[in-house]
């Protein structure tokens with residue numbers, strides 16, 4: 031994420047002419063758009079899919095330690111409700127990938 035923390039100004043010439051943007055916006059366009067600077071960019075697989083299928087390590091957010099500090103300061107019942115809500119949302123956002131079908135090679 032260091033490229034998202036780059037706020038230098040950049041002059042960009044698009045279809046509608048020149049415009050001023052910041053480097054983090056340009057990086058975001060490179061990651062999200064299919065066509066940038068008249069160049070067709072390859073499709074990037076979402077990290078969540080790679081984490082599930084290829085065993086990528088889970089993304090560690092910079093804010094995790096701050097969130098832990100906030101939860102530690104909360105009353106126990108509020109912290110428990112917050113933990114349950116986070117778990118519920120994580121289950122909703124989890125993509126279930128079905129197991130591959132086995133093909134019998136003896137049948138023709």
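Numbering (the numbering used here), first residue to last: 31 to 138. We treat Cβ as the ideally placed atom computed from N, Cα and C, and that holds for glycine.
Query                                                                                                               : Result
May I have the straight-line CA-CA distance separating residue 86 from residue 117, to the nearest angstrom?        : 20 Å
Rounded to a whole number of angstroms, what is the C-alpha to C-alpha distance between residue 100 and residue 45? : 46 Å
Flag this pair as yes or no: are the beta carbons of residue 52 and residue 40 separated by less than 8 Å?          : yes
Along the chain, where does the alpha helix (DSSP H) that runs through residue 60 open and close?                   : 53-62
Under the three-state reduction of DSSP, which class applies to residue 42: helix, strand or coil?                  : strand
For residue 88, which three-state DSSP category applies?                                                            : coil
Along the chain, where does the alpha helix (DSSP H) that runs through residue 101 open and close?                  : 94-103
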